[in-house]
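Per the numbering used here, the very first residue in the sequence shown carries number -13; after that it's consecutive. Heads up, the beta-carbon is just placed ideally off N, CA and C, and yes, glycines get one too.
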Amino acid sequence: MAISFENAIPKVLDQYAAPMRGLPVPLGNHGGFSGARLWRLEAPAGVFCLKAWPVDGPTRPHLVWTHHLLANASSLPWLPRVMTTITGDTVVLHDDRLWELHTWMPGRADFASNPSPERLHRAGIALARLHAAWASKQDSLGICPAVLRRLDSWRAWEHLTNSGWRPAFEAHDPFAALAASLACLVARHIDVVPRLLSPWLSRPMTLQPCVCDIWHDHLLFTGDELTGLIDFGSVKVDHPMVDLARMLGSLVGADQARWNDGLAAYETVRALTPEMKNLAFDLDATGAIIAGTHWLRWLYHDGRRFENTAAVAQRLTHLTERLTGR
(Lines of atoms letter the chains of each structure in order from A and count residues from 1; the text may use other names and numbers.)
(Lines give C-alpha, C1' and ligand atoms only; values in the text may rest on other atoms or scores of the structure.)
Protein backbone atom coordinates (compact mmCIF):
# COMPACT_ATOMS: atom_id res chain seq x y z
CA MET A 1 0.00 0.00 0.00
CA ALA A 2 1.50 3.32 -1.04
CA ILE A 3 2.53 5.60 1.81
CA SER A 4 0.11 8.33 0.72
CA PHE A 5 -2.75 5.85 0.79
CA GLU A 6 -1.59 4.39 4.11
CA ASN A 7 -1.86 7.82 5.68
CA ALA A 8 -5.10 8.72 3.96
CA ILE A 9 -7.19 5.61 4.58
CA PRO A 10 -7.62 5.97 8.38
CA LYS A 11 -8.67 9.59 7.91
CA VAL A 12 -11.18 8.61 5.23
CA LEU A 13 -12.62 5.79 7.34
CA ASP A 14 -12.95 8.16 10.30
CA GLN A 15 -15.72 9.83 8.30
CA TYR A 16 -17.85 6.68 8.66
CA ALA A 17 -19.55 5.13 11.67
CA ALA A 18 -17.33 2.79 13.69
CA PRO A 19 -19.10 -0.43 12.57
CA MET A 20 -18.05 0.30 8.99
CA ARG A 21 -14.35 0.63 9.80
CA GLY A 22 -12.02 -2.31 9.36
CA LEU A 23 -8.54 -3.36 8.30
CA PRO A 24 -8.10 -2.51 4.60
CA VAL A 25 -6.61 -5.16 2.34
CA PRO A 26 -5.27 -3.55 -0.85
CA LEU A 27 -6.47 -4.87 -4.19
CA GLY A 28 -4.11 -2.72 -6.22
CA ASN A 29 -5.51 -1.45 -9.49
CA HIS A 30 -8.35 -3.93 -9.66
CA GLY A 31 -10.45 -0.89 -10.40
CA GLY A 32 -9.65 -1.61 -14.04
CA PHE A 33 -8.10 0.91 -16.42
CA SER A 34 -9.71 3.91 -14.69
CA GLY A 35 -6.80 4.31 -12.29
CA ALA A 36 -9.02 3.78 -9.25
CA ARG A 37 -7.55 1.99 -6.22
CA LEU A 38 -9.53 -0.55 -4.21
CA TRP A 39 -9.37 -2.08 -0.74
CA ARG A 40 -11.43 -4.84 0.84
CA LEU A 41 -12.58 -4.15 4.40
CA GLU A 42 -13.97 -6.66 6.86
CA ALA A 43 -15.82 -4.61 9.47
CA PRO A 44 -18.37 -5.30 12.22
CA ALA A 45 -21.16 -4.09 9.91
CA GLY A 46 -20.09 -6.35 7.04
CA VAL A 47 -17.61 -6.56 4.19
CA PHE A 48 -17.02 -3.40 2.19
CA CYS A 49 -15.04 -2.07 -0.75
CA LEU A 50 -13.21 1.23 -0.31
CA LYS A 51 -12.49 3.01 -3.57
CA ALA A 52 -10.16 5.94 -4.19
CA TRP A 53 -10.90 7.56 -7.53
CA PRO A 54 -7.98 9.03 -9.52
CA VAL A 55 -7.45 12.76 -9.25
CA ASP A 56 -8.67 13.21 -12.83
CA GLY A 57 -11.61 10.83 -12.35
CA PRO A 58 -15.34 11.53 -11.99
CA THR A 59 -16.38 14.79 -10.34
CA ARG A 60 -18.14 14.93 -7.00
CA PRO A 61 -21.51 15.95 -8.53
CA HIS A 62 -21.26 13.08 -10.99
CA LEU A 63 -20.56 10.54 -8.25
CA VAL A 64 -23.37 11.90 -6.07
CA TRP A 65 -25.75 11.62 -9.03
CA THR A 66 -24.60 8.06 -9.69
CA HIS A 67 -25.02 7.13 -6.03
CA HIS A 68 -28.54 8.55 -6.15
CA LEU A 69 -29.32 6.32 -9.13
CA LEU A 70 -27.97 3.27 -7.31
CA ALA A 71 -30.07 4.12 -4.26
CA ASN A 72 -33.17 4.33 -6.44
CA ALA A 73 -32.45 0.82 -7.70
CA SER A 74 -31.51 -0.60 -4.30
CA SER A 75 -34.11 -3.37 -4.57
CA LEU A 76 -31.83 -5.11 -7.08
CA PRO A 77 -29.75 -7.47 -4.90
CA TRP A 78 -26.69 -7.59 -7.15
CA LEU A 79 -26.08 -3.82 -7.00
CA PRO A 80 -23.65 -2.42 -4.41
CA ARG A 81 -25.05 -0.17 -1.69
CA VAL A 82 -23.07 3.03 -1.25
CA MET A 83 -22.55 3.84 2.41
CA THR A 84 -23.04 7.28 3.91
CA THR A 85 -20.64 9.09 6.22
CA ILE A 86 -21.58 10.29 9.70
CA THR A 87 -22.64 13.56 8.03
CA GLY A 88 -24.81 11.80 5.44
CA ASP A 89 -22.49 12.16 2.44
CA THR A 90 -21.71 9.35 -0.01
CA VAL A 91 -18.42 10.89 -1.16
CA VAL A 92 -15.35 11.81 0.90
CA LEU A 93 -12.79 14.30 -0.40
CA HIS A 94 -9.28 13.71 0.96
CA ASP A 95 -5.83 14.37 -0.52
CA ASP A 96 -7.45 15.79 -3.67
CA ARG A 97 -9.14 12.45 -4.28
CA LEU A 98 -12.74 11.39 -4.05
CA TRP A 99 -13.42 8.26 -2.02
CA GLU A 100 -16.46 6.05 -1.60
CA LEU A 101 -17.36 3.01 0.47
CA HIS A 102 -19.82 0.42 -0.73
CA THR A 103 -20.84 -3.12 0.03
CA TRP A 104 -18.55 -5.86 -1.20
CA MET A 105 -20.17 -7.81 -4.02
CA PRO A 106 -19.58 -11.57 -4.08
CA GLY A 107 -18.71 -13.64 -7.12
CA ARG A 108 -16.11 -13.87 -9.84
CA ALA A 109 -15.86 -12.25 -13.27
CA ASP A 110 -15.32 -15.60 -14.95
CA PHE A 111 -17.92 -15.82 -17.71
CA ALA A 112 -15.20 -16.37 -20.33
CA SER A 113 -13.85 -19.45 -18.56
CA ASN A 114 -17.29 -20.68 -17.48
CA PRO A 115 -19.86 -19.56 -20.05
CA SER A 116 -23.36 -20.95 -19.89
CA PRO A 117 -26.79 -20.12 -21.32
CA GLU A 118 -28.05 -19.62 -17.76
CA ARG A 119 -25.39 -17.00 -17.01
CA LEU A 120 -26.09 -15.15 -20.24
CA HIS A 121 -29.82 -15.25 -19.50
CA ARG A 122 -29.33 -13.81 -16.02
CA ALA A 123 -27.02 -11.07 -17.30
CA GLY A 124 -29.58 -10.01 -19.90
CA ILE A 125 -32.38 -9.93 -17.34
CA ALA A 126 -30.26 -8.01 -14.82
CA LEU A 127 -29.36 -5.31 -17.33
CA ALA A 128 -32.99 -4.92 -18.37
CA ARG A 129 -34.10 -4.64 -14.75
CA LEU A 130 -31.49 -1.96 -14.10
CA HIS A 131 -32.58 0.00 -17.16
CA ALA A 132 -36.19 -0.31 -16.04
CA ALA A 133 -35.29 1.02 -12.59
CA TRP A 134 -33.53 4.02 -14.14
CA ALA A 135 -35.99 4.60 -16.99
CA SER A 136 -37.95 7.39 -15.29
CA LYS A 137 -34.80 9.26 -14.24
CA GLN A 138 -33.99 12.14 -16.58
CA ASP A 139 -35.53 10.60 -19.70
CA SER A 140 -35.03 12.78 -22.76
CA LEU A 141 -35.20 12.59 -26.54
CA GLY A 142 -32.09 13.00 -28.63
CA ILE A 143 -29.44 11.47 -30.85
CA CYS A 144 -27.69 8.55 -29.18
CA PRO A 145 -24.66 10.07 -27.38
CA ALA A 146 -22.62 6.90 -27.95
CA VAL A 147 -23.01 7.42 -31.69
CA LEU A 148 -21.80 11.01 -31.34
CA ARG A 149 -18.83 9.99 -29.18
CA ARG A 150 -17.75 7.31 -31.63
CA LEU A 151 -17.99 9.60 -34.61
CA ASP A 152 -15.93 12.17 -32.69
CA SER A 153 -13.32 9.47 -32.00
CA TRP A 154 -13.35 8.44 -35.64
CA ARG A 155 -12.77 12.04 -36.76
CA ALA A 156 -9.94 12.44 -34.24
CA TRP A 157 -8.31 9.23 -35.48
CA GLU A 158 -8.66 10.30 -39.11
CA HIS A 159 -7.11 13.68 -38.30
CA LEU A 160 -4.22 12.03 -36.47
CA THR A 161 -3.44 9.45 -39.14
CA ASN A 162 -3.93 11.91 -42.01
CA SER A 163 -1.26 14.08 -40.37
CA GLY A 164 1.20 11.26 -41.02
CA TRP A 165 1.34 9.78 -37.54
CA ARG A 166 1.68 6.03 -37.21
CA PRO A 167 2.32 3.97 -34.06
CA ALA A 168 6.02 3.09 -33.71
CA PHE A 169 6.66 -0.40 -32.35
CA GLU A 170 10.01 -0.97 -30.64
CA ALA A 171 11.72 -4.30 -30.02
CA HIS A 172 11.43 -4.09 -26.23
CA ASP A 173 7.74 -3.19 -26.36
CA PRO A 174 5.76 -6.04 -24.72
CA PHE A 175 2.67 -5.12 -26.74
CA ALA A 176 4.37 -4.63 -30.12
CA ALA A 177 3.13 -7.78 -31.87
CA LEU A 178 -0.43 -7.43 -30.61
CA ALA A 179 -0.59 -3.71 -31.27
CA ALA A 180 0.84 -4.06 -34.78
CA SER A 181 -1.85 -6.60 -35.65
CA LEU A 182 -4.49 -4.37 -34.11
CA ALA A 183 -3.26 -1.35 -36.07
CA CYS A 184 -3.60 -3.26 -39.36
CA LEU A 185 -7.11 -4.38 -38.48
CA VAL A 186 -8.18 -0.88 -37.44
CA ALA A 187 -6.89 0.53 -40.73
CA ARG A 188 -8.82 -2.16 -42.62
CA HIS A 189 -12.13 -1.54 -40.84
CA ILE A 190 -12.10 2.14 -39.83
CA ASP A 191 -14.36 3.22 -42.72
CA VAL A 192 -17.11 1.02 -41.28
CA VAL A 193 -17.61 3.53 -38.47
CA PRO A 194 -19.14 6.46 -40.41
CA ARG A 195 -20.99 4.11 -42.76
CA LEU A 196 -22.85 2.41 -39.90
CA LEU A 197 -23.23 5.33 -37.51
CA SER A 198 -24.00 8.34 -39.72
CA PRO A 199 -27.59 7.21 -40.43
CA TRP A 200 -28.32 7.35 -36.69
CA LEU A 201 -27.66 11.10 -36.65
CA SER A 202 -31.17 11.69 -37.98
CA ARG A 203 -32.93 9.32 -35.59
CA PRO A 204 -33.77 10.83 -32.18
CA MET A 205 -34.37 8.18 -29.53
CA THR A 206 -35.38 8.05 -25.88
CA LEU A 207 -32.35 8.50 -23.64
CA GLN A 208 -31.90 7.66 -19.96
CA PRO A 209 -29.13 6.96 -17.44
CA CYS A 210 -26.98 4.02 -18.58
CA VAL A 211 -23.92 2.25 -17.15
CA CYS A 212 -21.86 2.87 -20.33
CA ASP A 213 -19.10 0.48 -19.26
CA ILE A 214 -20.82 -2.80 -18.45
CA TRP A 215 -18.57 -5.58 -19.70
CA HIS A 216 -17.21 -8.99 -18.80
CA ASP A 217 -15.04 -7.93 -15.84
CA HIS A 218 -17.86 -6.00 -14.18
CA LEU A 219 -20.26 -8.97 -14.06
CA LEU A 220 -19.72 -11.23 -11.05
CA PHE A 221 -21.14 -14.74 -10.93
CA THR A 222 -21.52 -17.34 -8.21
CA GLY A 223 -22.34 -20.55 -10.00
CA ASP A 224 -24.91 -19.59 -12.62
CA GLU A 225 -26.26 -16.72 -10.52
CA LEU A 226 -25.33 -13.12 -11.21
CA THR A 227 -24.34 -11.86 -7.76
CA GLY A 228 -22.62 -8.58 -8.53
CA LEU A 229 -22.62 -5.76 -11.04
CA ILE A 230 -19.78 -3.37 -10.27
CA ASP A 231 -18.04 -0.15 -11.35
CA PHE A 232 -20.35 2.74 -12.12
CA GLY A 233 -17.78 5.43 -12.82
CA SER A 234 -18.89 5.87 -16.42
CA VAL A 235 -22.65 6.28 -15.86
CA LYS A 236 -24.17 8.89 -18.15
CA VAL A 237 -27.35 9.64 -20.05
CA ASP A 238 -27.36 7.55 -23.22
CA HIS A 239 -29.46 4.95 -25.02
CA PRO A 240 -29.82 1.56 -23.28
CA MET A 241 -28.52 -0.22 -26.39
CA VAL A 242 -25.04 1.10 -25.64
CA ASP A 243 -25.06 -1.09 -22.52
CA LEU A 244 -26.58 -4.10 -24.23
CA ALA A 245 -24.07 -3.92 -27.08
CA ARG A 246 -21.11 -3.49 -24.72
CA MET A 247 -22.18 -6.36 -22.49
CA LEU A 248 -23.05 -8.87 -25.20
CA GLY A 249 -20.00 -8.00 -27.28
CA SER A 250 -17.70 -8.62 -24.32
CA LEU A 251 -19.44 -11.85 -23.29
CA VAL A 252 -20.18 -13.61 -26.58
CA GLY A 253 -18.32 -11.67 -29.26
CA ALA A 254 -19.98 -11.91 -32.65
CA ASP A 255 -21.75 -15.22 -31.96
CA GLN A 256 -25.15 -14.37 -33.45
CA ALA A 257 -26.99 -17.27 -31.82
CA ARG A 258 -25.83 -16.25 -28.36
CA TRP A 259 -26.52 -12.60 -29.17
CA ASN A 260 -30.09 -13.61 -29.91
CA ASP A 261 -30.24 -15.46 -26.59
CA GLY A 262 -29.01 -12.35 -24.78
CA LEU A 263 -31.52 -10.14 -26.56
CA ALA A 264 -34.31 -12.60 -25.75
CA ALA A 265 -33.36 -12.56 -22.07
CA TYR A 266 -33.44 -8.75 -22.02
CA GLU A 267 -36.84 -8.81 -23.74
CA THR A 268 -38.38 -10.84 -20.93
CA VAL A 269 -38.24 -7.57 -18.97
CA ARG A 270 -38.19 -4.76 -21.55
CA ALA A 271 -39.41 -4.77 -25.13
CA LEU A 272 -36.92 -4.18 -27.93
CA THR A 273 -37.98 -2.74 -31.27
CA PRO A 274 -36.22 -3.75 -34.51
CA GLU A 275 -34.69 -0.26 -34.56
CA MET A 276 -33.23 -0.74 -31.08
CA LYS A 277 -31.73 -4.10 -32.03
CA ASN A 278 -30.19 -2.59 -35.15
CA LEU A 279 -28.64 0.16 -33.03
CA ALA A 280 -27.18 -2.45 -30.69
CA PHE A 281 -25.67 -4.34 -33.63
CA ASP A 282 -24.16 -1.16 -35.11
CA LEU A 283 -22.75 -0.05 -31.76
CA ASP A 284 -21.15 -3.46 -31.29
CA ALA A 285 -19.76 -3.52 -34.82
CA THR A 286 -18.09 -0.13 -34.35
CA GLY A 287 -17.16 -0.54 -30.69
CA ALA A 288 -14.10 -2.73 -31.18
CA ILE A 289 -12.82 -0.51 -33.99
CA ILE A 290 -13.05 2.66 -31.92
CA ALA A 291 -11.64 0.91 -28.85
CA GLY A 292 -8.69 -0.13 -31.01
CA THR A 293 -8.02 3.49 -31.97
CA HIS A 294 -8.17 4.48 -28.31
CA TRP A 295 -5.63 1.87 -27.23
CA LEU A 296 -3.23 2.66 -30.06
CA ARG A 297 -3.44 6.37 -29.28
CA TRP A 298 -3.01 5.86 -25.52
CA LEU A 299 0.00 3.57 -25.87
CA TYR A 300 1.86 5.06 -28.84
CA HIS A 301 0.79 8.69 -29.07
CA ASP A 302 -0.10 9.79 -25.55
CA GLY A 303 2.51 7.57 -23.87
CA ARG A 304 0.14 6.32 -21.19
CA ARG A 305 1.44 3.58 -18.91
CA PHE A 306 -0.69 0.93 -17.25
CA GLU A 307 0.31 -0.94 -14.13
CA ASN A 308 -1.41 -4.18 -15.11
CA THR A 309 0.37 -5.10 -18.34
CA ALA A 310 -1.28 -8.52 -18.44
CA ALA A 311 -4.71 -6.88 -18.49
CA VAL A 312 -3.61 -4.58 -21.31
CA ALA A 313 -2.36 -7.54 -23.34
CA GLN A 314 -5.63 -9.34 -22.70
CA ARG A 315 -7.59 -6.33 -23.88
CA LEU A 316 -5.51 -5.97 -27.05
CA THR A 317 -5.96 -9.68 -27.73
CA HIS A 318 -9.72 -9.42 -27.31
CA LEU A 319 -9.96 -6.47 -29.71
CA THR A 320 -7.75 -8.22 -32.26
CA GLU A 321 -9.92 -11.33 -32.10
CA ARG A 322 -13.11 -9.28 -32.51
CA LEU A 323 -11.78 -7.49 -35.58
CA THR A 324 -10.18 -10.58 -37.11
CA GLY A 325 -13.58 -12.22 -37.32
CA ARG A 326 -15.10 -9.42 -39.42
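Between residue i and residue j, how many whole angstroms is the CB-CB distance? I'm expecting something under 8 angstroms.
i	j	result
Phe161	Leu302	6 angstroms
Ile322	Arg136	One cannot answer for residue 322 here, as it falls past the ends of the chain, which runs -13 to 312.
Ala243	Ala266	With a Cβ gap of about 15 angstroms, Ala243 and Ala266 do not count as contacting.
Leu187	Gly128	Actually they are not in contact, since the Cβ atoms of Leu187 and Gly128 sit about 11 angstroms apart, beyond 8 angstroms.
Trp64	Leu212	5 angstroms
Ala132	Leu258	Their Cβ separation, rounded to whole angstroms, is 16 angstroms, which puts Ala132 and Leu258 out of contact at 8 angstroms.
Leu171	Ala299	Actually they do not touch by this definition, with Cβ atoms about 16 angstroms apart.
Leu168	Gly278	5 angstroms
Ala271	Val178	7 angstroms
Pro10	Trp25	4 angstroms
Ala119	Leu62	7 angstroms
His117	Arg256	6 angstroms
DSSP beta-bridge partners for residue i?
i	result
Ser126	Leu193
Arg152	Answer is none; Arg152 lacks a bridge partner.
Lys222	Cys196
Gly214	Leu206
Cys170	DSSP output for Cys170 lists no bridge partner at all.
Ala38	Arg23 and Trp85
Gly32	Ala29
Val77	Bridge partners of Val77: none, in fact.
Pro10	Leu27
Val68	His88
Quick check on the DSSP output: the beta strand (DSSP E) that includes residue i runs from which residue to which?
i	result
Leu24	Arg23 to Ala29
Trp85	Arg83 to Thr89
Please list, in chain order, all residues of the same chain as residue i whose beta carbon is under 7 angstroms from its beta carbon, the five residues on each side excluded.
i	result
Ala297	none
Met(-13)	Bear in mind that a pLDDT of 45 at Met(-13), under 50, signals an unreliable position, so the number given afterwards is only what the model happens to contain. So the list reads Pro12, once near-sequence residues are dropped.
Met6	Ala29, Ala31, Phe34, Met69 and Leu87
His202	Ala95, Phe97, Ala98, Ser236 and Leu237
Leu205	Ala95, Phe97, Ala109, Leu212 and Leu215
Phe207	Gly93, Arg94, Asp96, Phe97, Arg105 and Thr213
Glu(-8)	none
Between which two residues does the alpha helix (DSSP H) containing residue i stretch?
i	result
Ala95	Here Ala95 belongs to no alpha helix (DSSP H), and DSSP marks it neither H nor E.
Phe267	Pro260 to Tyr286
Val298	Thr295 to Thr310
Pro329	Look at the range of the chain in this structure, -13 to 312, and you will see that residue 329 is not part of it.
Ser315	Outside the shown range of the chain, which is -13 to 312, sits residue 315, and nothing can be said about it.
His117	Pro103 to Trp120
Thr52	Arg46 to Asn58
Arg244	Gln242 to Glu253
Between which residues of its own chain and residue i is the CB-CB distance below 8 angstroms, once the five residues before and five after are set aside?
i	result
Asp316	A question about residue 316 goes unanswered here, because the residues of the chain that appear run from -13 up to 312.
Asp159	Ala165
Leu282	Pro153, Ala165, Leu168, Ala169 and Val172
His280	Ser139
Once the 5 residues before and after residue i are set aside, which same chain residues still bring their CB inside 6 angstroms of it?
i	result
Ile200	Asp229, Arg232 and Met233
Asp81	Ala(-6)
Ala38	Arg23, Arg83 and Trp85
Thr76	His53, Val68 and Thr70
Pro44	Gly219
Val(-2)	Val78, His80 and Trp85
Trp143	Thr279
His287	none
Inset, instruction - Would you check if the region 151 to 171 and the region 215 to 225 touch, i.e. whether three or more CB-CB distances between them fall below 8 angstroms? - result: The region 215 to 225, when compared against the region 151 to 171, does not touch it at the 8 angstroms Cβ threshold.
Inset, instruction - Would you be able to state if there are at least three C-beta pairs under 8 angstroms between the region 63 to 75 and the region -8 to 4? - result: Because the criterion of three Cβ pairs below 8 angstroms is met, the region -8 to 4 and the region 63 to 75 touch.
Inset, instruction - Decide yes or no for the touch test of the region 240 to 259 against the region 46 to 56: beta carbon pairs closer than 8 angstroms, at least 3 of them. - result: A contact between stretches requires three or more CB pairs, one per stretch, nearer than 8 angstroms, and the region 240 to 259 fails this requirement with the region 46 to 56.
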